[in-house]
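Be aware that the sequence shown starts at 3, since it is given in my numbering, and climbs by one per residue.
Have a look at the structure below, then the notes.
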Amino acid sequence: KGKWANAPVYTLLGGPTRTEIPAYASMLGYSLDPELVQERVQEVVSQGYAATKWFFRDGPTDGAAGIARNLRLVRTLRESVGPDVDIMLDCWMSWDVPYTIQMADRLEEYHPRWLEEPVLPDKIEQYAEIRRNVRIPISGGEHEYTRWGLKELMDAGACDVLQPDIYWAGGISEMQKIIALASAYDLPVIPHGHSTPATAHVIAAWPQTTCPILEYLVKWNEIHQFFLKTPLKPVGGKIILPTAPGLGMELDEAKIEKQTDIND
Numbered sequence: 003k004g005k006w007a008n009a010p011v012y013t014l015l016g017g018p019t020r021t022e023i024p025a026y027a028s029m030l031g032y033s034l035d036p037e038l039v040q041e042r043v044q045e046v047v048s049q050g051y052a053a054t055k056w057f058f059r060d061g062p063t064d065g066a067a068g069i070a071r072n073l074r075l076v077r078t079l080r081e082s083v084g085p086d087v088d089i090m091l092d093c094w095m096s097w098d099v100p101y102t103i104q105m106a107d108r109l110e111e112y113h114p115r116w117l118e119e120p121v122l123p124d125k126i127e128q129y130a131e132i133r134r135n136v137r138i139p140i141s142g143g144e145h146e147y148t149r150w151g152l153k154e155l156m157d158a159g160a161c162d163v164l165q166p167d168i169y170w171a172g173g174i175s176e177m178q179k180i181i182a183l184a185s186a187y188d189l190p191v192i193p194h195g196h197s198t199p200a201t202a203h204v205i206a207a208w209p210q211t212t213c214p215i216l217e218y219l220v221k222w223n224e225i226h227q228f229f230l231k232t233p234l235k236p237v238g239g240k241i242i243l244p245t246a247p248g249l250g251m252e253l254d255e256a257k258i259e260k261q262t263d264i265n266d
């Protein structure tokens with residue numbers, strides 16, 4: 003509809019509320035070797051990012067050595083970037099309640115912005131129990147579908163930050179409903195980062211207090227946006243809103259080596 007109206011999608015949604023959106027560098031797929039962590043996190047900070055997310059490898063079955071590795075990762079991050087860069091930590095849905103509470107107590111001195119998906123997404127009461135017993139904000143919701151799934155998290159007091167995925171939650175229209183509902187609960191929405199272009203348009207229609215930042219999966223986007231003429235990438239740690247019609251996505255046919263047309 004945006005292309006038909008010759009307008010960016012965010013204008014059809016009532017935006018824009020701003021011309022640029024802060025992004026955080028989500029480091030899925032990168033080595034957790036301490037020297038490489040230090041090198042890469044300092045690199046993204048030098049590129050202008052003020053926040054970065056890293057992914058734990060170890061959990062309850064990895065014993066004391068796993069706890070030590072998790073602590074070493076976060077200590078390395080904080081020592082590498084100083085006190086003014088936000089650090090987010092993804093638990094891969096692989097922890098349990100006692101382990102999360104124990105780890106949160108030990109991680110608190112490093113001031114992470116949030117702990118993400120500590121337990122399986124269906125264990126909503128466990129999310130709520132964790133949230134009641136830790137001082138680090140808890141995030142989740144990427145595996146929920148539609149506003150009704152997210153509403154269960156809101157009603158249970160399970161999360162401090164909601165992270166619906168625009169692909170899985172029901173697309174742009176459903177995301178608008180989810181964010182409107184979350185705003186009634188005074189919960190920020192920071193969408194899971196599978197589609198940077200579509201997510202940026204949705205975020206741009208909302209104030210920064212409601213949708214404060216955009217997840218930019220650094221490795222994922224190199225692949226996911228490869229075939230676009232103008233990939234939407236952060237500049238100085240911020241997404242500059244595109245002004246092209248629709249989502250601003252155009253296929254770069256010069257990058258297509260082989261194409262098969264499927265006809266009825």
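Glycine residues also receive a C-beta, built at the ideal position from the N, C-alpha and C atoms.
Predicted model only: the values in this text are computed from it and were never measured.
Look at the alpha carbon of residue i and the alpha carbon of residue j, and state the distance between them as a whole number of angstroms.
i    : j    : result
I242 : E176 : 24 Å
A206 : E131 : 33 Å
P199 : E224 : 13 Å
G2   : I168 : Only positions 3 to 266 of the chain appear in this structure, which leaves residue 2 out of reach.
Q49  : P123 : 33 Å
D98  : K5   : 46 Å
S28  : L91  : 10 Å
L249 : Q104 : 43 Å
Y218 : L234 : 10 Å
P18  : L216 : 15 Å
C213 : R74  : 31 Å
K2   : G16  : Since the displayed the chain opens at 3 and closes at 266, residue 2 lies outside it and no answer follows.
R137 : N72  : 18 Å
Q261 : W222 : 23 Å
Y276 : D263 : Residue 276 falls outside the range modelled here, since the chain spans only 3 to 266, and no answer is possible.
W56  : I23  : 20 Å
S197 : L109 : 30 Å
L117 : A246 : 36 Å
K179 : L14  : 15 Å
D35  : A52  : 22 Å
H226 : V121 : 27 Å
Y187 : W208 : 15 Å
E111 : V47  : 21 Å
Among the options, which residue has its Cα nearest to the Cα of residue i?
i    : options                   : result
V83  : D107, A66 and T54         : T54
T102 : W222, F58 and W6          : F58
E154 : K179, I89, E127 and N135  : E127
E119 : T245, R134 and W94        : W94
S185 : Y218, N223 and R149       : R149
D157 : G172, L38, L183 and V136  : L183
D107 : D88, W170 and I69         : I69
H145 : R137, A171 and T262       : A171
P134 : Y112, G159, T262 and V121 : The residue asked about is misnamed: residue 134 is Arg in this sequence, not Pro. Nearest C-alpha to R134: G159.
I174 : K235, T201, L152 and Y187 : T201
A25  : V121, K240 and K260       : K240
I258 : E22, W222 and F228        : F228
Q210 : T21, T13 and L14          : T21
D86  : W222, L73 and H113        : H113
M251 : T262, D263 and K231       : K231
D125 : S96, Q178, E111 and T13   : Looking at the sequence shown, residue 125 is not Asp but Lys. It is S96.
P100 : P36, T63 and A52          : T63
For residue i, count neighbouring C-beta atoms within 10 Å of its own C-beta (all shown protein chains included) and say buried if the count is 16 or more, exposed if not.
i    : result
G61  : buried
D254 : exposed
G31  : exposed
G65  : exposed
A256 : exposed
N265 : exposed
Y147 : exposed
V237 : exposed
I273 : Since the first residue of the chain shown is 3 and the last is 266, residue 273 is not available in this structure.
H203 : buried
S33  : exposed
L38  : exposed
G151 : buried
P244 : buried
R115 : buried
Could you tell me whether any non-hydrogen atom of the ligand GTP is closer than 8 Å to the CB of residue i?
i    : result
L230 : What this structure holds is no ligand at all, so the ligand GTP is not there to describe.
### Query
Is it a yes or a no for the region 133-150 touching the region 159-167, going by three-plus beta-carbon pairs under 8 Å?
yes
### Task
Would you check if there are 3 or more beta carbon pairs closer than 8 Å linking the region 39-57 to the region 76-90?
yes
### Task
Count the C-beta pairs between the region 179-196 and the region 7-15 that are closer than 8 Å, then say yes if the count reaches three, no if not.
They do not touch, by the three-pair rule.
### Task
Would you mind listing the beta strand (DSSP E) stretches within the region 38-76 that are 3+ residues and don't spill past its ends, in chain order?
Along the region 38-76, the beta strand (DSSP E) occurs as fully enclosed runs of 3 or more residues at 53-57, listed in sequence order.
### Task
Give, in chain order, every unbroken run of the alpha helix (DSSP H) that is at least 4 residues long and sits entirely within the region 165-199.
173-186
### Query
If you scan the region 89-123 from start to end, which runs of the alpha helix (DSSP H) of 4 or more residues do you find wholly inside it?
99-109
### Message
Could you tell me which whole alpha helix (DSSP H) segments of length 4 or greater appear in the region 213-261?
### Response
220-226
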